[in-house]
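Residue numbers (UniProt numbering), protein chains in the order written: chain A, 1 to 944; chain B, 1 to 372. Ideal placement from N, C-alpha and C gives every residue a C-beta, glycine not left out. Taking it in order: structure first as structure tokens, then the write-up.
Pasting the structure below:
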């Protein structure tokens, strides 16, 4: 069945703002789908209100609608564009829900618009757990015993029938929201009630809990001729009981025999073919009884899902890209493998490496949150490590997490109290993998660990290998004593030099020096979908310690763009957006663009975004070897958030050129003392502040700068541990809690400008000229983290004089900091009670891409990141560009929260950022009801 | 895990240093690679691998141990194993031993901790060649000499080495369908597929004469997979020709497919490095559907010669990657064959319909509805 030529224009629905359970993986799938359709000459229209996405960029689609995911928005699009078909499977559950709603009110019919790549009956079947279970049983597959309850009474009866432990799953909710395990009758009534409330249809499914069974996920592609291939099989390190989004996962499956795997494959294909009629990607989860290898089907997602992005990065097979073509009617056998370019797309990728995904949690942003992992997804991002064995992949994933770990343990962060460790093994939280190793190190028997965690013995045995080998390492005194073979083995198992140094009680440089002397260096292998069976030129590499290096540097001039690692609160998709544009600009400027990142959800780690991709931890040791191999002209650190920026110091020390603003400029802006001196010199007002090394000093500073004060650790991301305090007692308590976490740190104590307005400017400076990209005024008063504030572009209540002062300060700062590239300046504007005059204070300056850069680019339809990157590179000056912003009324950046994942958490906003995503909203003027609603909320903050 | 070293020497002089895996010793064979991520034990025991040094591209080999039931013949048939991580501690309730115990028991020599990907890239470009693994002898000159004395796979007849010595039967003698299997090195799962379709099977040695086979009074004739060069198996070709003359439903797999092709005058050739894995895409020209197949062959049926003989054979299946011949039907005869392995084991079950097709054609014929 070749392509359906009647489809000339397609609408792709995005997933909206980032929330837990639906993150930037859907930007990746939407972007891939759009590119894939455009390759076919199809006009693509995108609906997605998330301004930080690549899919909503003019370079991705023909028409972009940054509108809320509502029926009204869809109708507006259908009126304005001639849309032949809608592809709703790329934007997660949100997109599907909207497509279903539109179908219910008859919009698709009215506008003569088809749904492609989807079968609504299949969706309904997959979503309605009771129907699903019956259907699976009809086709001969098993599901966990389950009953449905629409009332409290029915729920109580079901529990009696099924017995404990059991699982409560509310129907039609996202990421397992409102569900949970229940082990006994005591907790049951309350949990049942909560589950019923969470479901929009007031319906819960009560399942028998198959705790401890092994969990597997298969990613499939299905075409209109019902050809099905399995793209990737993923094994969960964490057995049943923990949401897959919160599980450490491994591909390929490590502990499946062919017999067991083929049984799973057969069942997956049978299930898929029985679920209506659609062409595209889908995902199926199985649980396997480790004793009998009996399988039960957990769930099916007949659409591109979170794990499709991971599977694409894990195998090199671009699932969304192919799925989009299948939706047009192509058969798999008619398409080419996008990586080898010569072989067929109808095949099953094979891996000659192992990948490990570890989720990234952000519990510290949600004080009071229940840290225990379960049915409900709580992680905010993820990393993927690639290696030639499981342990290397696992340790690389740990090094990618950016939580201060240097690998799986052996890095000063180990726990030593057996009781605490055992407790954590049973009460699973974000650190279980680390505690598991701690337990092995302390000699807890593997059997005990297995009993507590139900983790497959294979994984436990592997981690035990690390413990055994570490005790060998500790027999040596200095790196020079390590036999070469042994040293090599350590590196092959993924140990960083920091870990080896820790074990030898020497410093890292000593280890690295000896390693280089022995010539134990990284080589790079290609991810090519086919285990090297066929030749492939796809520039997608990972490092390992093995024989042959496949990454041969070209003789072109190269620029490396550093990515931002795992998504977390305060550093998310917006930096992926920046990196993607940076890479494109670097390429356009005539350089080879090289990406280094470890986040599998992103567009920047797609194999055809950069000229060359290193899927590696953004970790010094890994980065440095890439630099040594590629010898780039320089590194761009301005686009990857704090992660990238904080590597600038070391890069500069080693003589590597930082593209754009120098390290000194970055340091000047980051170092509170230096920065304040600069402001003083420039005659720019700033809130009084001081630094303190202990609580006594902090009190002195507070009295000097006057309460209320803003207290925070000296290095912060997203306002971590930042608090406003109004008296000595509060100050003391908070300062002590900071020092408890980081005893050697300093605290910053700023006078807090109460009832001030907050505003910010994003600008580009080329050394000669400053271009103000946008001036935003926050609706919420100062004191609410800028990431959690609604920012209005342009300003709406500030006087012309005030805005001019802000401009002037931003320009002064840009020159004084010698900015080459991007600058974000945050202001507080306080009205003098007596004179009624506004005074502008500079609160901070960020010499890098900010959270709002993509927002402004979208609101004004200007490729600011492209311009900024070329300015950084020095290939262009601002005067080389005709910048023509196209404002339409006001654009509001609206923060979006995922509080429903953390029922017991304080939802009060403050200096610490809590939002997970954002939406853009255009309003004509200040009479808009949406704006007025936000503005009303402002007064609530002021009177608080 | 062994810390004893081992060496791999290729016929073109390339050497790789690694660690000993399995039995300590020396072994010679033709080096080939398999890209499957599951099913190592089925591969080790597949008679078609007789005389081959197997490079397993999967990162770990041994994770789920060794199970007595997952064998394709009664012993390990590969000449030796080359892998990245030879993983001894295993996890599977159904398994009885570790890969190390198994290799020691079966006397299999292997090498691990070598850059298998580099080896694959090497033989992908240079083509299949002989190689030697040793974990006891590190004298390169001596190894080269031993390697030089080893015969080349091209022109090598190996079925005689793996076929059954005596004919034997399987299944219910009263079953309605009788199938004669010419055993050129058959995998057990082919026989299991017949048994599960209510057939009574008699397995004949490779060099069994047509009279002996006919004496069984089979309803259907089958030529199995097996090792070696089909070009060196005139005896089997003659048997196949005699079988064809019987006008009974006939089915060939892998080597059996090549022999059937030769029986109607289509020659075979040695491929650059063959197909070995469980992810090979095959297009069924008769149905327009595709199937993911298990493959293991280093020789193929000549496409050019088929083009010239389209009055004798029809191509039914093609490989979607390289367009090679994957299945044929003999015109005017109820005979067909495929280059790949519908019995899977290891691999996907997508092509199991071919067994149904064969058995159905027998039934049809028995019911008098001969089609041709």
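I'd like the span of the beta strand (DSSP E) that includes residue 860 (chain A), first residue to last. Here residue 860 (chain A) belongs to no beta strand (DSSP E); instead the alpha helix (DSSP H) covers 853-860.
Can you list the residues of chain B that residue 347 (chain A) reaches, using a CB-CB cut of under 9 Å? 279, 280, 281, 292, 320 and 321
With 8 Å set as the bound, which would you pick, yes or no: does the beta-carbon of residue 277 (chain A) sit closer than that to a beta-carbon of chain B? no
At least one CB of chain A closer than 8 Å to the CB of residue 92 (chain B): is that the case? yes
So is residue 85 (chain B) in contact with chain A if we call contact Cβ pairs under 8 Å? yes
Between residue 362 (chain B) and the rest of its own chain, which residues show a CB-CB distance below 6 Å, the 5 nearest in sequence each way excluded? 177, 219, 220 and 249
Opening and closing residue of the alpha helix (DSSP H) in which residue 465 (chain A) lies: 457-473
So with CB distances below 8 Å, who are the chain A contacts of residue 231 (chain B)? Ordered by position in chain A, no residue passes the 8 Å Cβ test against residue 231 (chain B), which lies about 25 Å from the chain.
List the residues that DSSP assigns as beta-bridge partners of residue 9 (chain A). A:43
Neighbour flag for residue 532 (chain A) against chain B, beta carbons, 8 Å: yes
Just to confirm the assignment, what range does the beta strand (DSSP E) spanning residue 318 (chain B) have? 313-319
Residue 516 (chain A) - DSSP class collapsed to helix/strand/coil: helix
Runs of beta strand (DSSP E) lying entirely within the stretch 376-444 of chain A, each at least 3 residues, in chain order: 381-387
Based on the DSSP secondary-structure assignment, which residues constitute the bridge partners of residue 750 (chain A)? A:689 and A:710
Should residue 77 (chain B) be flagged as near chain A, meaning a C-beta pair shorter than 8 Å? no
In angstroms with no decimal places, state the Cα-to-Cα distance between residue 910 (chain A) and residue 355 (chain A). 38 Å
Might you give, ordered along the chain, the residues of its own chain that have their beta carbon closer than 7 Å to the beta carbon of residue 792 (chain A), omitting 5 neighbours on each side? 776, 777, 779, 890 and 892
Quick check: the stretch 798-813 of chain A against the stretch 730-743 of chain A, are at least 3 beta-carbon pairs closer than 8 Å? no
With H, G and I counted as helix, E and B as strand and the rest as coil, what does DSSP make of residue 356 (chain B)? helix
When the distance is taken between beta carbons, is residue 11 (chain B) closer than 8 Å to residue 130 (chain B)? yes
Check whether the Cβ atoms of residue 595 (chain A) and residue 577 (chain A) sit closer than 8 Å, and answer yes or no. no
Taking 8 Å as the threshold (beta carbon to beta carbon), is residue 21 (chain B) in contact with chain A? no
Thinking C-beta only, is residue 388 (chain A) closer than 8 Å to residue 19 (chain B)? no
According to the Cβ coordinates, are residue 363 (chain A) and residue 430 (chain A) closer than 8 Å? yes
Below 8 Å between beta carbons is the criterion; list the residues of the stretch 195-221 of chain B that meet it against any residue of chain A, in chain order. none
Taking Cβ-Cβ distances shorter than 8 Å, what residues in chain A pair up with residue 120 (chain B)? 352, 531, 532 and 533
Evaluate contact between the stretch 370-381 of chain A and the stretch 533-547 of chain A, counting only Cβ atoms and requiring at least three cross-stretch pairs below 8 Å. no
Given residue 753 (chain A) as reference, the closest of A:52, A:258, A:781 and A:345 once Cα atoms are compared: A:781
Under a Cβ-count criterion, where at least 16 other Cβ atoms within 10 Å of its own Cβ denotes burial, should residue 323 (chain B) be classed as buried or exposed? exposed
In its own chain, which residues sit with a C-beta less than 8 Å from the C-beta of residue 436 (chain A), not counting the 5 before and 5 after it? 425, 449, 453, 455, 460 and 463
DSSP-derived helix/strand/coil call for residue 786 (chain A): helix
Quick one: which residues of the stretch 539-553 of chain A get their C-beta closer than 7 Å to a C-beta of chain B? List them in chain order. 546, 547 and 548
Can you have a look at residue 551 (chain A) and say buried or exposed, based on whether 16 or more other CB atoms are within 10 angstroms of its CB? buried
Using C-beta distances below 8 Å, list every residue in its chain close to residue 760 (chain A), excluding the 5 sequence neighbours before and after it, in chain order. 775, 776, 778, 786, 791, 824, 825, 826, 827, 850 and 852
Less than 8 Å separating the beta-carbons of residue 773 (chain A) and residue 864 (chain A)? yes
By DSSP, does residue 295 (chain B) sit in helix, in strand, or in coil? strand
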